Amino acid sequence: AQTVTQSQPEMSVQEAETVTLSCTYDTSESDYYLFWYKQPPSRQMILVIRQEAYKQQNATENRFSVNFQKAAKSFSLKISDSQLGDAAMYFCAYRGSRNEKLTFGTGTRLTIIP
Amino acid sequence: DTGVSQDPRHKITKRGQNVTFRCDPISEHNRLYWYRQTLGQGPEFLTYFQNEAQLEKSRLLSDRFSAERPKGSFSTLEIQRTEQGDSAMYLCASSLAGTGGYEQYFGPGTRLTVT
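Line by line, the protein sequences give chains A and B.
In this text, residue positions in the first sequence follow our numbering: the first is -11, and each later residue adds one.
In this text, residue positions in the second sequence follow our numbering: the first is 346, and each later residue adds one.
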């Protein structure tokens, strides 16, 4: 079974600074997808960024980028120029290419310090 | 289109009662998913539908839980004889089947409290 581990329950960063959230996963599959989802307080979960395992190039979406290390099964999220609106729970998630379900980590609560 | 909606947003019930939640997916989406999220944890997969067919169920979905998606549109999740351990946020998501890392769009969730 696939597992996703987020070892940082809480992180904080000064506004405008950069922060990196860690995620590791375990799988025996070679083809899969990885996601970072953001869940603001009392609001619904939204997709931040996704990465296809077959792509060597790291995904980037504006201020959000990932460091995907397939051999190490590591998938970290870097948030540049942090903004107050980035405060939320961030979940790393895995989906196998032949599977529909998302497997989530336990989340990292990100606080932005003004 | 306003996204995935869920009703009710909050439900308080007494142990042993039955509850039913509704999820309305994004209109053109043919896949619908249910997840459960307990405090301090990430969402856990319960089940998913493609159109009206329920294609996968998690072991978490005990025989007290039943989900339906008549006509491949909205879905309901019923919990019979609720237990305190059922207290959680129940999330619905939908997606459009396709190749690649297609996104699952989540609703706001239904928070269930069993007293």
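The beta carbon of each residue, even a glycine, is placed where N, CA and C say it ideally should be.
Only a predicted model underlies this, so the values are computations on that prediction, with no experimental measurement involved.
Interface residue (Cβ-Cβ distance to chain B less than 8 Å): A/Gly93 is classified as such. Taking each of B/Gly454, B/Gln425, B/Phe410, B/Gln429 in turn and checking the Cα distance to B/Ser439, the smallest one comes out for B/Gly454. Interface annotation, B/Pro453: in contact with chain A, CB-CB separation under 8 Å.
Taking A/Ile34 as reference, the option from A/Tyr42, A/Glu40, A/Ala41, A/Tyr25 with the minimal CA-CA separation is A/Tyr25. Using beta-carbon distances, B/Tyr435 does not count as an interface residue toward chain A, since no partner is under 8 Å. Per DSSP, A/Glu88 lies in no beta strand (DSSP E) and is assigned neither H nor E. Taking C-beta atoms under 8 Å as the contact rule, B/Gln351 and B/Arg367 qualify, at a distance of about 7 Å.
Contact annotation for B/Phe390 against chain A: Glu88, Lys89, Leu90, Thr91, Phe92 [CB-CB distance below 9 Å, chain order]. In the DSSP assignment, B/Asn396 falls outside any beta strand (DSSP E) and carries neither an H nor an E. Look at A/Met(-1): its C-beta is not under 8 Å from any C-beta on chain B.
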